[in-house]
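Read through the structure below, which is laid out as structure tokens, and then see the notes.
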Amino acid sequence: MADTSPSRAEFFRHGIEVLSPASLAPEDRTCGICLEQYGGGGDHDTNHDGDHADNSDSNGEGSSSNSNQDGEGEAPVRLKACGHVFGQECIKGWGEVGGRASSGAVRATCPLCRTVLFEDVAPPQDVIRARITHGDAVVEIVVYL
1 MADTSPSRAE
11 FFRHGIEVLS
21 PASLAPEDRT
31 CGICLEQYGG
41 GGDHDTNHDG
51 DHADNSDSNG
61 EGSSSNSNQD
71 GEGEAPVRLK
81 ACGHVFGQEC
91 IKGWGEVGGR
101 ASSGAVRATC
111 PLCRTVLFED
121 VAPPQDVIRA
131 RITHGDAVVE
141 IVVYL
């Protein structure tokens, strides 16, 4: 059976639904990842037709305009794959530290139920190296996968 997990970009473009904190029950207005209350959301991210504006960047991920107008909190998003709700920035961060599938791909799962959210092809190497130079200083960063 073929794997139907979306890529990271597809997931952030089509796999989440931005919500208004007011649409959530009071006991559900806290992110399960960072334990902070939500801010922002649907009210100011809605266009004149009542549809959600597309605040995606070139990677299909939302822009930083997902916090409320006072700059506090982040917009809650519902994961369409399982229905759980988290802060938009938190779920992005969670996806960045996803595990590895047996195929070697990067796999992100829901923090609560472990439903696979997306799977992307892993880099072909087992080591990632970066060299940073500044003047006479040279820093080499090595990450072992």
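1 is the number of the first residue of the sequence shown in the UniProt record's numbering; add one for each residue after it. Using N, Cα and C, we set each Cβ at its ideal position, and we do this for glycine too.
Asked                                                                                            : Found
Cβ neighbour criterion (16 or more within 10 Å) applied to Arg131                                : exposed
Where Ser81 sits in the DSSP three-state scheme                                                  : A small correction: the amino acid at residue 81 is Ala; Ser does not occupy that position in the sequence shown. Reduced to three states, the DSSP call for Ala81 is coil.
Rounded Cβ spacing between Pro21 and Phe118 (contact assumed at less than 8 Å)                   : In fact, because the Cβ distance is near 25 Å, the residues do not count as touching under 8 Å.
Residue burial classification, Ser67 (beta-carbon count within 10 angstroms, cutoff 16)          : In this predicted model, Ser67 has a pLDDT of only 41, less than 50, meaning its place in the structure is not dependable; the value taken from the coordinates is given anyway. By the neighbour-count rule (16 or more Cβ atoms within 10 Å), Ser67 is buried.
Residue-chain proximity (His14, chain D), Cβ-Cβ < 8 Å                                            : Of the protein chains in the structure, only one exists, and it is not chain D.
Residues bridged to His134 [DSSP beta-bridge criterion]                                          : Ala137
Local Cβ density within 10 Å of Glu74, reported as buried at 16 or more and exposed below that   : buried
Run of the alpha helix (DSSP H) containing Glu10, from where it starts to where it stops         : Arg8 to His14
Bridge partners - Asp28, DSSP secondary structure assignment                                     : In DSSP, Asp28 forms no bridge with anything.
Residues bridged to Gln37 (per DSSP)                                                             : Thr30
Contacting residues, own chain, Cβ-Cβ under 6 Å from Gly95 (five flanking each side not counted) : Ala108
Local conformation of Leu19 per DSSP, three classes                                              : coil
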